[in-house]
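*Asks:* 416 is the number that this note's numbering gives to position 415 of the sequence shown; each next residue is one higher, with no gaps. Every residue, glycine too, gets a C-beta built ideally from N, C-alpha and C. I am attaching a structure below and will ask some questions about it afterwards.
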Amino acid sequence: MDRTPRDGQSETNGVAGAQPPPEERDPEQVRRHESAAGLYSIYETVKRGMNEMGASRTFRTLLKVNQKEGFDCPSCAWPDPDGERKTAEFCENGAKAVASEATLARVTPQFFAEHDIPDLLKRSDVWHEQQGRITHPMWRRPGSDRYQAISWDAAFELIARELNALDSPNEASFYTSGRASNEAAFLYGLFARQFGTNNLPDCSNMCHESSGLGLTETIGIGKATVKLEDFEHADAIFVIGQNPGTCHPRMLTELQKAARKGCKIVSVNPLPETGMIRFKNPQEPWALLGSGTPIACLFLPVKVNGDVALLKGIMKEMLDEDRRSGGQVLAHDFISHQTQGFDALRIDLETESWADICESSGVSRELIRQAAQIASESQHAIFCWAMGITQHKNGVANVQSIVNFALLRAQIGRRGAGLCPVRGHSNVQGDRTVGIWEKMSDEFLDALGKEFAFAPPKEHGLDSVATISAMHAGIVKVFVGLGGNFLSATPDTNFTAEALQRCQLTVQISTKLNRGHLITGKQALILPCLGRTEHDMQESGEQFVTVEDTMGVVHQSRGVLPPASEHLRSEPAIVAGIAHATLGERATTNWPALVANYDRIREHIEHVVPGFAQYNTRVRDPGGFYLPNGPREGKFPTKSGRAQFTVHPIPKHDLAAGELLLTTIRSHDQFNTTIYGESDRYRGINGRRVLFLNAEDMTERGLAAGSFVDLVSRFGRERRRAERFKLVPYSIPRGCVAAYYPETNVLVPVSAVSDGSNQPASKSVPVTIEPSA
């Protein structure tokens with residue numbers, strides 16, 4: 002077919018191997034599971050463990066996951082119970098993450114001798130994942146198409162040489178994944194700032210940056226205001242733009258307990274998700290053969306990025322009912338004494354038309370009325386959300402609209418109520434707390450400088466999106482990644498690949514092979530590190546690390562397995578090794594001494610970061626400790642000392658004729674960019690390159706179910722293409738489509754970001770559909 006761009010547009014060219022290759026087998030539709038977890042979840046857990054670890058190792062390891070004397074799950078950031086814990090305190094997807102890390106498969110120097118980079122680029126992400134743990138530091142020398150082994154000292158010297166050759170410290174960028182511990186992250190931020198830069202992008206830039214900004218501006222803190230125990234006391238829970246059954250499966254246990262107590266759970270999402278429909282708890286053998294516990298009592302099928310309109314509709318109904326009841330719905334005393342900005346919001350809601358609300362949200366007024374009734378009658382409501390809210394141009398407005406919703410009835414600062422942004426990676430919140438941010442406050446920087454006798458740079462650094470652009474422009478020349486898969490996690494895959502290739506050096510601190518190791522700078526290093534599951538032995542003996550969960554609990558994590566290779570080093574040791582080699586006599590820090598005993602790192606964190614008093618003592622208490630959280634106690638550390646209502650217009654997408662709005666989603670068989678397999682049983686799919694489309698939209702366009710299409714996004718004069726997706730008719734609002742990432746990241750321009758937070762707008766991408774060649 003003719004693919005000549007129209008209207009003077011140009012289609013961006015791809016970087017060979019940057020995108021996952023076509024699947025060997027076409028995707029197929031299979032029976033969709035109608036209840037989450039259950040017997041099949043147990044089967045998957047055992048199967049993955051046995052295949053990766055063997056029987057004894059599987060049970061010995063899994064029984065230590067999320068235990069007070071064990072290790073923190075390397076998957077999501079859902080909190081652990083404060084009191085007694087079950088023998089099996091993990092979910093299927095957490096077990097997959099553990100099996101992946103604790104696998105017996107190994108990627109040795111011989112593996113790299115047998116597979117050059119062009120060969121590895123042709124392999125799928127699933128194949129990369131299945132090869133196992135990297136055992137040795139590896140080096141791609143300039144001009145080479147393969148990796149070779151390198152000693153740790155030589156690797157550190159190479160990094161030091163490249164960093165010290167830069168004209169400015171700001172020509173380097175230091176990325177952090179949410180896997181890194183508090184100790185590793187603190188050292189990493191300290192090193193970057195002693196080197197002279199605040200270029201500290203992290204994965205939070207791409208997942209909950211809009212939450213952090215939206216919450217900080219309105220309630221004074223960018224974190225959840227609830228504890229896990231609050232779910233036991235809630236009588237209403239709104240789950241907005243989130244798929245707990247796949248992304249945070251242990252959350253289903255709390256939702257199940259709440260539903261059984263009569264709590265009314267409302268699911269707000271473009272797609273109906275199995276985990277929000279029914280749940281069979283694997284911890285209840287007597288219930289595994291039944292139909293499962295119903296979870297949500299109300300499903301609101303909102304259009305992609307129709308959340309502001311929907312929330313405005315619910316609040317407008319609540320205002321109307323408040324007038325009819327003589328002021329019995331809204332928390333007028335709380336609004337008067339502890340908030341500001343309500344009158345502006347009230348006027349805005351009163352002038353908003355129901356036609357615009359229903360058209361933009363895609364939700365009928367009757368369903369909106371039902372949601373408003375639940376909210377109006379609730380005395381203890383919790384509001385949860387994830388990236389279905391944050392990854393839009395108006396992501397901050399989405400978050401602040403949820404805050405408005407909660408403030409109307411004073412649903413913050415009391416038992417059984419509050420705001421709950423659910424983080425997607427196990428220590429992404431902790432990394433930010435201890436200093437991984439490109440624009441930490443002057444108070445933090447002053448405390449850090451005082452503690453270590455140096456003057457940290459005050460100029461704000463580059464976030465993830467800005468780092469990509471700076472690499473592409475040749476400004477950033479050295480990229481260091483502490484965990485993660487930056488290439489596959491970021492938007493605009495081809496642009497990001499080009500950016501990485503323009504660096505002088507790229508360094509990845511990793512446990513397993515991923516595509517980000519294959520699209521590199523002129524030379525590249527892979528530095529293999531210990532995983533959460535493994536013993537960490539240093540000069541003073543065995544160490545533990547600490548993490549912070551999504552509700553602000555800091556606790557320890559202690560590995561239980563021998564390291565996958567004698568050549569691995571811990572993340573703190575790798576960071577300290579780089580810092581020691583790079584800074585040399587300029588350093589004001591005894592890096593080897595810090596790594597010899599992690600208690601010393603925590604002592605410094607205690608002196609620099611508020612809330613960590615007696616860190617080493619309190620974190621040794623079983624279960625750890627809560628960080629301070631003013632809004633949880635009904636106190637708002639904003640400039641005014643009050644919570645802030647905000648006013649936001651309903652977003653307009655201005656789609657061209659034939660365009661649809663794409664949202665990117667995760668398969669049940671993946672964690673972030675890690676692809677364990679190609680099964681998504683909760684949506685009835687085997688395979689990944691599928692496009693979920695409303696059947697009426699399919700008919701209107703003359704498209705047949707099962708046919709293959711390309712997705713083309715338009716941004717300005719540029720077009721981006723993702724090829725060969727199989728059409729699957731699905732229950733999704735008209736005008737909306739959904740597909741898995743990272744395959745669709747190529748469609749998201751690096752310049753398409755959330756206002757204010759600069760977070761990639763990966764969940765509302767205008768696309769057209771073209772038949773595949």
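Which partner residues does M139 have in the DSSP bridge list?
*Replies:* Its beta-bridge partners are A150, I527.
*Asks:* T497 lies in the beta strand (DSSP E); which residues open and close that run?
*Replies:* Segment 494 to 502 is the alpha helix (DSSP H) holding T497; no beta strand (DSSP E) there.
*Asks:* Could you pull out every residue in the same chain whose Cβ sits closer than 6 Å to the Cβ of F480, ignoring the five residues on either side in sequence?
*Replies:* Hits under 6 Å: S174, C504, T507.
*Asks:* Measuring alpha carbon to alpha carbon, tell me which residue in R49, V31, P21 is nearest Y683.
*Replies:* Per the Cα distances, V31.
*Asks:* Following the continuous alpha helix (DSSP H) through R366, name the residue where it begins and the one where it ends.
*Replies:* Taken as a continuous stretch (DSSP letters only), the alpha helix (DSSP H) holding R366 covers 366 to 378.
*Asks:* If you reduce the DSSP assignment to three classes, tell me which class R194 lands in.
*Replies:* DSSP places R194 in helix when its eight states are reduced to three.
*Asks:* Under the three-state reduction of DSSP, which class applies to R533: helix, strand or coil?
*Replies:* R533 falls in the coil class under three-state DSSP.
*Asks:* Quick check on DSSP: helix, strand or coil for S511?
*Replies:* S511: strand per DSSP, three-state reduction.
*Asks:* Taking the alpha-carbon positions, what's the E719 to K653 distance?
*Replies:* So the two alpha carbons sit approximately 21 Å from each other.
*Asks:* How many angstroms separate the CA atom of S178 from the CA atom of L514?
*Replies:* Those two C-alpha atoms are separated by around 15 Å.
*Asks:* L704 and I118 - do their beta-carbons sit closer together than 8 Å?
*Replies:* Not in contact: I118 and L704 (Cβ atoms no closer than 8 Å).
*Asks:* For chain B, is any of its Cβ atoms less than 8 Å away from the one on L105?
*Replies:* As a matter of chain content, chain B is missing from the structure shown, which is built from one protein chain.
*Asks:* So which of R587, V400, A382, A161 has the shortest CA-CA distance to A235?
*Replies:* The residue with the shortest Cα to Cα distance from A235 is A382.
*Asks:* Using only CA atoms, which one of R416, A398, K228 lies nearest to A215?
*Replies:* One detail in the question is off: residue 215 reads as Gly in this sequence, not Ala. When only C-alpha atoms are compared, the closest one is A398.
*Asks:* According to DSSP, is G396 helix, strand or coil?
*Replies:* DSSP places G396 in helix when its eight states are reduced to three.
*Asks:* Taking the DSSP output, what are the residues bridged to S268?
*Replies:* Bridge partners of S268: V240, F300.
*Asks:* Within 10 Å of its beta-carbon, does S763 have 16 or more other beta-carbons around it, so buried, or fewer, so exposed?
*Replies:* S763 should be labelled buried.
*Asks:* Within the continuous alpha helix (DSSP H) that includes G215, where are the two ends?
*Replies:* Where G215 is concerned, the enclosing alpha helix (DSSP H) stretches over 210 to 220.
*Asks:* So, with DSSP's three-state summary, where would you put F453?
*Replies:* Three-state result, F453: helix.
*Asks:* Do L408 and F646 have their C-beta atoms within less than 8 Å of each other?
*Replies:* For L408 and F646, yes; Cβs fall inside 8 Å.
*Asks:* Are W153 and P138 closer than 8 Å when you measure CB to CB?
*Replies:* Closer than 8 Å, so yes.
*Asks:* In this structure, does DSSP put T647 in helix, strand or coil?
*Replies:* T647 falls in the coil class under three-state DSSP.
*Asks:* Is W128 helix, strand or coil when you go by DSSP?
*Replies:* Helix.
*Asks:* Going by beta carbon distance, what residues of the same chain come within less than 7 Å of A776, once the five residues before and after it are set aside?
*Replies:* The structure shown does not extend to residue 776, since the chain spans only 2 to 774, so no value can be given for it.
*Asks:* May I ask you to report which of helix, strand or coil DSSP gives D8?
*Replies:* Note that D8 scores a pLDDT of 41, beneath 50, so its modelled location is shaky and nothing firm can be said.
*Asks:* Roughly how many angstroms lie between the CA atoms of S57 and E567, to the nearest whole one?
*Replies:* Rounded to the nearest angstrom, the two C-alpha atoms are 22 Å apart.
*Asks:* Which of helix, strand or coil does DSSP assign to T434?
*Replies:* Three-state result, T434: helix.
*Asks:* Helix, strand or coil for S57 per DSSP?
*Replies:* S57 falls in the helix class under three-state DSSP.
*Asks:* Assuming N486 contacts G517 under a Cβ cut-off of 8 Å, what Cβ separation, rounded to an integer in Å, is found between them?
*Replies:* Between G517 and N486 the Cβ distance is about 5 Å, and since that is below 8 Å, they are a contact.
*Asks:* Go through its chain and collect everything with a Cβ distance to N617's Cβ below 8 Å, but skip five positions before and after it.
*Replies:* Same-chain partners within the cutoff: D600, R603, E604, E607.
*Asks:* Going straight from the alpha carbon of T443 to that of A288, what length do you get?
*Replies:* Correcting the residue identity first, residue 443 is Asp in this sequence and not Thr. Taking the straight line joining both Cα atoms gives about 54 Å.
*Asks:* Going by DSSP, name the residue or residues bridged to I666.
*Replies:* I666 is bridged to Y741.
*Asks:* Checking the sheet assignment: what are the DSSP bridge partners for Y599?
*Replies:* Y599 pairs with nothing; no bridge assigned.
*Asks:* Please name the residue in G197, Y627, D323 whose C-alpha comes closest to that of R587.
*Replies:* Looking at the Cα atoms, G197 is the closest of the given residues.
*Asks:* Decide if W355 is buried, meaning its Cβ has at least 16 other Cβ atoms within 10 Å, or exposed.
*Replies:* By the 10 Å Cβ count, W355 comes out exposed.
*Asks:* Look up Y44 in the DSSP assignment and say whether it is helix, strand or coil.
*Replies:* In this structure, Y44 counts as helix in the three-state DSSP scheme.
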